[in-house]
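For reference, the structure discussed in these notes is given below.
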Amino acid sequence: MEINGNSNDVLHIVMFPFFAFGHISPFVQLSNKLSFHGVKVSFFTASGNASRVKSMLNSAPTTCVVPLTLPQVEGLPPGAESTAELTPITAELLKVALDQVQPQIKSLLSNLKPHFVFFDFAQDWLPKMADELGIKSVYYSVFVALSTAFLTCPARVPQPKKYPSLEDMKKPPPGFPHTSVTSVKTFEAQDFLYIFKSFHGGPTVYDRILSGLKGCSAILAKTCSQMEGPYIEYVKSQFKKPVFLVGPVVPDPPSGELEERWGNWLNKFESGTVIYSSFGSETFLTDDQIKELALGLEETGLPFFLVLNFTANIDVSAELNRVLPKGFMDRVKERGIIHSGWVQQQHILAHSSVGCYVCHAGFSSVIEALVNDCQVVMLPQKGDQLLNAKLVSGDMKAGVEVNRRDEDGYFGKQDIKEAVDMVMMEVDKEPGKLFRENQKKWKEFLLNKDMQCKFIEDLVYEMKDMVKFSSN
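If you want it as structure tokens, here you go:
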């Protein structure tokens, strides 16, 4: 199986993310960039997600979606094939379904005979299967390297199954690099303990990730040394295998126009004055959080566009009436919009009136803000978001994190106002001045097309080299 730069052979990769669109999207973005470089992509996903995935992929003749038939699992609603349709508890059953598709995956890989399979955190069984079939396996981490370094490296659990305590999780693991991340708050450490829980008798998230990272041929990280040098080196030292970097995978500019009603509303305000706030389609704020966030945005005195999402089958207007403070909508009607449901986020962030993005610190959202001249205010809710916020505010110094209470993560309206003021009002004072300067630097770096393209070219080169190496 010789393949090199001058060969007519086409590098063939199978993409196999977990069944959650927060995972599927980065795999799609990478697929699109690789297909532009002549790589053939077969994209595995549950049949219920296939049409949406197909619409997200570039229509390259070398790219195809391979639908998987999920088995019926007790407790998993028929037809539910991504976390978007499920509660967090029911979503755990998707891992049970995933484990049961192994024979189907083996059969598909045997027939397709790709050079590589890129897989996600939940498929801990895949490296062994790929190895038996003579296929290279690449663990594609859609999380920042800080997340892997802090949470899911061997040093975190030195003795098998002797999982860390809450106090242990507040501190970095042994040998962790000296950076701005020296500890986390109690409520954050509590959230991290989720990765050590077993559901339905299956392996914990930590054990799945460790098996995948230890068993794979190489690790691929959605980051770069400019952003995360010390954490990347730590991950390399922990796993002692190749770590390829694909860069932060900057999204392509959006196509089409912004919906007229939103464009007309945004056009009423001066350049860089509107706050846009959204927390993604699968993050739901509590009643208290909605109330304090709304009041905090009101107190800034700036115009704002707040997107709030709720679980399925909720009467949104009744819910907003119940949760929002009395008289709030009347007070802000000239300068505030509260919307529920999908909006053209990239178009909104790119609008000249928008100058601040209050978000959950999903890393793709942070990148979208940085490339669009938006100051970033982060209110992380769970998991890797908590560490993304530390990376962006502490190491990159490109955004501000809302101050929260140690034990339970509570924040009040004043905490929201102070964070927004820091990057929108106190522009000549530190640290707001530094955050704004750094946002410009990171924007320049992220929009450097040659540099971003080189990440993909280097990855293709490394993969071709690995395949050639293995066949000699």
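Okay, so the sequence shown: first residue is 1 according to our numbering, each after it adds one. We put the CB at the ideal spot given by N, CA and C, even for glycine. Because the structure is a prediction, the values reported are computed rather than measured.
Discussion item. Residues in the same chain with beta-carbon distance under 7 Å from Glu319, minus the five sequence neighbours each way, listed in chain order, please.
Written reply: Phe310
Fill in: DSSP three-state assignment for Asn8, whether helix, strand or coil
In this prediction, Asn8 scores a pLDDT of 47, lower than 50, which makes its location untrustworthy; the coordinate-derived value is nonetheless stated afterwards. In this structure, Asn8 counts as coil in the three-state DSSP scheme.
Worksheet item: Within 10 angstroms of its Cβ, does Val10 collect 16 or more other Cβ (buried), or is it exposed?
Response: Exposed, by the Cβ-count rule.
Discussion item. On the DSSP bridge list, what partners appear for Leu68?
Written reply: Ala46
Discussion item. Quick check on Phe192: does DSSP put it in helix, strand or coil?
Written reply: Looking at Phe192 - three-state DSSP - the assignment turns out to be helix.
Worksheet entry | Classification of Asn264 by the beta-carbon crowding that lies within 10 angstroms, buried from 16 upward | exposed
Worksheet item: Out of curiosity, what's the CA-to-CA distance linking Phe435 and Phe411?
Response: 22 Å
Fill in: Secondary structure of Tyr163, DSSP reduced to three states
Of the three classes helix, strand and coil, the one that applies to Tyr163 here is coil, per DSSP.
Worksheet item: Do you know whose CA, among Arg156, Gly215, Ala91 and Ala97, lies nearest Val117's CA?
Response: Gly215
Discussion item. So for Met378, helix, strand or coil by DSSP?
Written reply: strand
Item to complete: Measure the Cβ-Cβ separation of Glu299 and Lys429 and say whether it is below 9 Å.
Response: no
Worksheet entry | Exposure label - Ala20; buried when at least 16 CB within 10 Å | buried
Worksheet entry | the region 170–180 / the region 95–111 touching (three or more Cβ pairs under 8 Å) | no
Practice prompt. Identify which residue in Ser340, Ala312 and Phe27 has its Cα closest to the Cα of Ile290.
Written response: Ranking the options by Cα distance to Ile290, first place goes to Ser340.
Worksheet item: Exposed or buried, which one is Ser51 when buried takes at least 16 other CB atoms within 10 Å?
Response: exposed
Item to complete: Output the boundary residues of the beta strand (DSSP E) element that contains Val274.
Response: Val274 -> beta strand (DSSP E) spans Val274 to Ser278.
Worksheet item: Rounded to a whole number of angstroms, what is the C-alpha to C-alpha distance between Cys224 and Glu92?
Response: Between Cys224 and Glu92, the C-alpha separation is close to 31 Å.
Worksheet item: What first and last residue would you give for the alpha helix (DSSP H) that runs through Leu109?
Response: Gln102 to Leu112
Item to complete: Report yes or no: is there a C-beta of chain C within less than 9 Å of the C-beta of Ala84?
Response: In summary, chain C is missing from the structure at hand, where a single protein chain is found.
Worksheet item: Can you give the beta carbon distance from Val53 to Ile275, rounded, assuming they're within the 8 Å contact cut?
Response: So it is not a contact: roughly 32 Å between Cβ atoms.
Worksheet entry | Nearest neighbour of Cys374, chosen from Gly79, Asn438 and Gly247 [CA to CA] | Asn438
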